[in-house]
Amino acid sequence: MINLLSQGQVPITSVTATAAGSCPGPTAALVSLKIDHVWVKATIGGTAYYFDPSYKPHTLKTGINLATATGYSAASYLAAAKTGATVTADYVQGINRANIRNNLTTYATNLTNYLRTNLPAGVLADVVGGMTITPHSGGNLRQTVLPYQDTTVALTEWTADVPANYRPSLRIQYQGIDKTYTSDALYGKRLTITYNASNQPLLLLDGVSQGTGTAISPGTNANVSFTVTHGAYASSYANQSFTQSIKAGGTFLIGNGWGPAGRGLVERYRTQVDEARAAGGADTSEAVLGATLAVLSATWIAQVNQADTINDRLAKTNTLFHHQIGIAGYNTAPYVDLPGNMLSVVSENADTAKEAAAFYSAATHASIFESTAVQQIAGVSAVSTVKLIDIAATNNDRIYDAKSSNYATVVQPN
0 MINLLSQGQV PITSVTATAA GSCPGPTAAL VSLKIDHVWV KATIGGTAYY FDPSYKPHTL
60 KTGINLATAT GYSAASYLAA AKTGATVTAD YVQGINRANI RNNLTTYATN LTNYLRTNLP
120 AGVLADVVGG MTITPHSGGN LRQTVLPYQD TTVALTEWTA DVPANYRPSL RIQYQGIDKT
180 YTSDALYGKR LTITYNASNQ PLLLLDGVSQ GTGTAISPGT NANVSFTVTH GAYASSYANQ
240 SFTQSIKAGG TFLIGNGWGP AGRGLVERYR TQVDEARAAG GADTSEAVLG ATLAVLSATW
300 IAQVNQADTI NDRLAKTNTL FHHQIGIAGY NTAPYVDLPG NMLSVVSENA DTAKEAAAFY
360 SAATHASIFE STAVQQIAGV SAVSTVKLID IAATNNDRIY DAKSSNYATV VQPN
């Protein structure tokens, strides 16, 4: 729990363990802790009431034994994958793609049959485990004091907006354009880079001009610089600066995610596409193309989050997303690439091996969604690192482990 809160940069004011002077862990159990917290105050009929939507009861579900339901055996699966392959300390060659796909199909079929027989009305949490919110039924939710509030500590009230230093920010720099936004100013909005007739880049927020840069010849590659700052965090480890190259002349959507995300934004941007087309917008207009790229970016973010949720339930880990930043673009073809991903993976059982496994699984899924999201939205084939590895396996190429990167490098033969 302490590690989970610290990774999420939740401020802890005090911790009590069963053994004096010890931190909660293998030798001392957690008794209690105090954290700084935020909730909502509303004055109704002259009385101040406190509401805390983040604190609510849940029903826990353990899930099923997936190994039993699917017939999966890690040792057998790996042995079948390496049948006929060359495996060295530096590379693998000739991975048995047919065995891998056949086994995955068998596992999926077994699981489908199991669910039809045993959980015909089940939901995802019934299969992988997790928590569902217990709905409130009856009773007054208006409280003048939260029951778990430490009333000896003075409250700090924000009567207007949440102070800027408590909100993460994103700075974008490109061809003389230099703008910084807080996350609440960007989330759910369409931030795009397009070009005018004079080849000057334009930064638009929901179609409204934010700045004009210096001219650049169409087809010229240049870097967009991103700087993400989490001002509310005591530590700066989640801050990130990176660049992405874009080819002048296209349309580029700056995708952004802050914390966990679902499909809500996907549907929001789909509505924007429909409305822009109904208003007579051309497919190449910023309103239509920009919103379509926003659908692509939001789809990738939502699918990555959902995959990591499933991953967490299987590994008994918790993945905390700090931010997801990057570009969904169109020049001659659409693509999505959000390399600015900052996350923390914390094991519920303090198992560092499971944390590493969950992280690498998350990275693999994040990669493959770069190609599948494009196929889903645009109906065209796309490239991702995982897809290149699959192509290499098909062509019997060698797949190297590039230790200086999170990704494997595929080396095509001459």
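The numbers in numbering that gives the first Met the number 0 rise by one with no breaks, and the one at position 400 of the sequence shown is 399. Note that the Cβ used here is the ideal one computed from N, Cα and C, for glycine as well.
Tell me whether residue i sits in a helix, a strand or coil according to DSSP, three-state version.
i    : result
D51  : coil
A355 : helix
V335 : strand
N348 : coil
Y180 : strand
K81  : coil
N238 : coil
N164 : helix
N394 : coil
T46  : strand
V86  : strand
A426 : In the structure displayed, the chain extends from 0 to 413; residue 426 sits before or after that span and is not available.
L342 : strand
V420 : The question about residue 420 has no answer here: the residues shown for the chain are numbered 0 through 413.
Y76  : helix
S380 : coil
T363 : helix
I388 : helix
K185 : Going by the sequence as given, residue 185 is Leu instead of Lys. Residue state, collapsed to three classes: helix.
A124 : helix
Nearest by alpha-carbon distance to residue i: which of the options is it?
i    : options                   : result
A327 : A355, T298 and A349       : T298
I215 : A79, L202, S197 and F225  : S197
N340 : I324, T351, T331 and P333 : I324
T219 : T193, Y194 and A247       : A247
S53  : N64, H36 and L59          : H36
V379 : T331, R100 and T85        : T331
Y194 : S31, I367, T179 and I245  : I245
V39  : A107, A286, A381 and T155 : T155
P200 : G212, A231, L264 and A237 : G212
S366 : Q374, V161, K386 and A153 : K386
Q243 : G249, S224 and Y359       : S224
T131 : N139, V122, G138 and G137 : V122
Q172 : T191, D160, A184 and P162 : T191
T318 : A260, L204 and L295       : A260
P134 : A349, P56, N95 and G128   : P56
D350 : S370, P338 and D311       : D311
A237 : L4, H322 and R115         : H322
P162 : A79, G230 and A301        : G230
Q374 : L295, S346, N348 and G62  : L295
D51  : W257, R141, R267 and Y186 : R141
D389 : P167, I300 and T363       : T363
V126 : A73, T61 and Y147         : T61
R96  : T108, A79 and R267        : A79
T143 : Y90, G45, Y76 and A84     : G45
T250 : T270, Y232 and V287       : V287
N109 : V91, N64, S136 and A124   : N64
L32  : T42, A16, A41 and I43     : A16
N112 : Y329, T67, E354 and L204  : T67
G289 : S168, R189, I34 and N394  : R189
L202 : E285, G258, T181 and N164 : E285
A221 : R170, I176 and N164       : I176
L204 : F368, N255, N394 and A357 : N255
Using a beta-carbon distance below 8 Å, is residue i in contact with chain B?
i    : result
V223 : In summary, chain B is missing from the structure at hand, where a single protein chain is found.
Along the chain, where does the alpha helix (DSSP H) that runs through residue i open and close?
i    : result
N98  : R96 to N117
N2   : I1 to Q6
L32  : No alpha helix (DSSP H) contains L32, which is instead part of the beta strand (DSSP E) from L29 to I34.
G263 : G263 to A277
T67  : L65 to T69
Could you name the residues that DSSP lists as bridge partners for residue i?
i    : result
L252 : T191 and A327
P200 : Y194
S417 : Residue 417 lies beyond the stretch modelled for the chain, which goes from 0 to 413, so this question has no answer here.
K60  : G129
V39  : F50
Since residue i is in the beta strand (DSSP E), which residue starts that stretch and which ends it?
i    : result
S13  : I11 to A16
Q142 : Looking at the DSSP string, Q142 is not in any beta strand (DSSP E), and its letter there is neither H nor E.
S168 : S168 to Y173
Y90  : Y90 to Q92
T211 : V207 to T211
- Task: Could you pull out every unbroken alpha helix (DSSP H) segment of at least 4 residues lying fully inside the stretch 284-326, listed in chain order?
- Result: Runs found: 290-314.
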